[in-house]
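A short write-up of the structure that comes next.
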Amino acid sequence: MPACWNYGADELIYKHSLYPFYSPFLPEERATRLLLLMMGSYGGSAHAMTGILASTVVTPRYLRFCPSCLTEDKSSYGELYWHRLHQVPGVIVCPHHGHFLLDSSVSVHGQNKHEFISSSKENCQNYNVRTCFDKNVFPKFIDLALDIRQLLNMKGVNIETANLKELYLSKLKDRGLATSTGRVYQEDLAKEFVSFYGIEFLRTVYSPVKYHDPNCWLAAIVRKHRKSFHPIRHLLMIKFLGGSIKWLKGFEFRLNPFGLGPWPCLNAAARHYLEPMVSEIALSHCADTKRPVGTFTCSCGFVYSRRGPDQRPEDRHKIGRIKAFGIVWEQRLKELVEQEKLSLREVARRLKVDPMTVKKYAGILGLTYHWKTKTTESLNPVRITKNDQEDKRDKYRKDWYELRRHHNQASKTELRKLAPRTYIWLYRHDKEWLNQNSPYFRANKQENMRVNWLERDKEVLLKVKKAVSRIKVLDDKPVRISISRIGKLSGTLSLLEKHLDKMPLTKEFLKNNYDTTEEYQIRRIKWAVRKINLAGEQPKAWKVSRMSGLRPEFSHKLRSDIEQSIDVCIKRDWVEYGCLNLEIGPLGLESYQQ
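Position 297 of the sequence shown, counting from 1, maps to 390 under the working numbering, and the rest follow consecutively.
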């Protein structure tokens, strides 16, 4: 390379290697180590660090080229060169010309790793015809190649994988493919994903979706990321969720349900109304809907909240609930009421609040208002003085003191139930004083009682044995002897579900006594034979099958075992009840299937 060229290692890596393709989806610390490794004199473990070696996405065996690009390069530059984009796994066609990429004769992993083989007409002559694809697949190849090209041209982008998973979950919730608590409907996701891309396309880019496979990449990518995923699969997921590579550029905006700040101040009394003045936001979640809630606080004292996420730009100007009006709003209210002497509705219109809100705060602030009331048509000013407010406050404070004195062991919640009106007034108008003069929260102290599991095992075993005996002697149609049923009947379900490993005696008994599917079917058959026999009827197979509720599609092996059990039951029960007036033929039960 000529000495006058100012190419540094950083520029070579970002413009001429695949580092920008892999690094955005690696942990930041690993991406930095990879960059330093590539800048150093030895980069032997670089491929392993990207996750290429462990990925099922196959890297091309040969350097690839586009025939039309060869012609253009020769015409424009007088020589040929390898295009970086053409060498990326998942790029099947050239997005510039729309031609399928072809393999050259130059192996990616040559025998001499220090040898550079430039592109030439001699090594770019492999014009083998590509496998034909469905016409609907080709545009998807183009879209993926364009996304990869954008990714290669982005510098310094790195995304926390945990945040990326949260972004996926957020979009899946919007599409009804995940619950509000984050549980993904994996089967529905797989069906929609395959329907969106098609089996042929996914197979070609080495990302088939095998829903029932425990190692299915699509199921894993929306769970906690315990490993890195190939960039191709992130790009497929982003496109499926309605996004593009631009998501990565504005990632913080996508992750924040209310976008990026500053946000507009929605205080109609402020001079900066609707201007982006709010830089403070507190995020929480609605207990009922599980949707995000943003609380916005402006320097003017105005505090409002709303439920998200914001779907449209105009959502940024919506108020769900006003939590505090602030000094600026209160001062403007005073001016409109006492100085300009506007009507109640006009004040409410200018401040963009309900008339009752104006009335309420005019009273709290002790303002003299001049609007008409329901009790008079005159314009005589009515004044609610601060003294009246203070008298009311003193009265409720005294009531609260007396309540605490007479119930000195009661908690705050118990006091609230005893005097709800007093509590509500103080909570709304004197909250700080109320908190300072209420009992502190007292956590229930529970003694650390260590369980003697040896004794507990014996107690539970006794209850479980009684429950199993009760189930077996039931005269009605048999019910399945399961751990769940035994636990419910014995009142030990929680212990059996959570602590069975600590009770070896009980565990061993259950192992020997709960029903397998086959055992449960045989018990039902025996019961059906006995019932038919007691009714004085001939125990034919179809009667036994119908009464016992067996499905006709059970396996031939199981059918054979069950029929043998029926024969045994017939012989035993007829002997027991003295009903051997009908001989069992040599064909057993089949003798009675006439």
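All C-beta atoms in this analysis are idealised placements derived from N, C-alpha and C, irrespective of residue type, glycine included.
Taking the CA atoms as reference points, Ala-312 sits about 18 Å from Gly-335.
According to the DSSP assignment, Glu-373 belongs to the beta strand (DSSP E) that extends over 373–378. In the three-state reduction of the DSSP assignment, Gly-456 falls in the helix class, which pools H, G and I. Taking a contact as a CB-CB distance under 8 Å, the pair Lys-258 and Lys-317 counts as one, their CB atoms being some 7 Å apart. Of the candidates Asp-481, Lys-491, Glu-433, Val-446, the residue whose Cα lies closest to the Cα of Trp-464 is Glu-433. Residues of the same chain with a CB within less than 7 Å of the CB of His-190, apart from the 5 flanking positions on each side, are Cys-159, Ser-161, Cys-162 in chain order. Here the alpha carbons of Ser-321 and Val-315 stand approximately 12 Å from one another.
For Arg-442, DSSP records no beta bridge to any residue. In the displayed model, Phe-333 falls within a helix according to three-state DSSP. With fewer than three CB-CB distances shorter than 8 Å, the stretch 276–285 does not count as touching the stretch 140–156. Distances from the CA of Tyr-261 to each of Arg-442, Phe-193, Leu-282 were compared; the closest alpha carbon is that of Leu-282. Here the alpha carbons of Glu-483 and Leu-511 stand approximately 23 Å from one another. In the three-state reduction of the DSSP assignment, Tyr-174 falls in the coil class. Judged by DSSP in its simplified three-state form, Asp-403 adopts coil rather than helix or strand. Nearest to Phe-602 by C-alpha distance, out of Ala-141, Val-637, Ile-576, Glu-423, is Ile-576. Relative to the Cα of Ser-197, the nearest Cα in the group Glu-208, Val-184, Asn-216 belongs to Asn-216. Your pair Leu-130 and Tyr-112 does not check out as a contact, with CB atoms roughly 10 Å apart and the cut at 8 Å.
The C-beta distance from Ser-212 to Tyr-174 rounds to 6 Å, short enough to meet the 8 Å contact threshold. By the neighbour-count criterion, in which a residue is buried when 16 or more other Cβ atoms sit within 10 angstroms of its Cβ, Pro-117 is buried. Taking the CA atoms as reference points, Pro-369 sits about 5 Å from Pro-355. Assignment of Met-370 by DSSP, reduced to helix, strand and coil, places it in the strand class. Of the candidates Leu-359, Gly-352, Glu-431, Lys-453, Gly-352 places its Cα closest to the Cα of Arg-405. Taking a C-beta distance under 8 Å as the contact criterion, Ile-579 and Val-561 qualify as a contact pair. His-140 and Ser-200 have their C-alpha atoms spaced approximately 17 Å apart. Just measuring C-alpha positions, the residue of Ser-504, Arg-154, Ala-441, Ile-331 sitting nearest Leu-429 is Ala-441. A direct Cα-to-Cα measurement between Ile-210 and Glu-104 gives close to 22 Å.
A direct Cα-to-Cα measurement between Gln-218 and His-179 gives close to 16 Å.
Secondary structure at Lys-411: coil, using DSSP grouped into helix, strand and coil. Under the three-state reduction of DSSP, Pro-182 is assigned to coil, being neither helix nor strand. By the Cβ rule, the stretch 420–427 counts as touching the stretch 447–463, because three or more pairs are nearer than 8 Å. Taken atom to atom, the span from the alpha-carbon of His-202 to that of Leu-156 is near 10 Å. The three-state reading of DSSP puts Val-430 in helix, counting H, G and I together. Secondary structure note for Arg-154: it is in no alpha helix (DSSP H), with a DSSP letter that is neither H nor E.
C-alpha of Asp-240 to C-alpha of Arg-326: approximately 12 Å in a straight line. Lys-491 has its alpha-carbon roughly 11 Å from the corresponding atom of Leu-519. Distances from the CA of Lys-248 to each of Ile-338, Ile-292, Pro-188, Glu-431 were compared; the closest alpha carbon is that of Ile-338.
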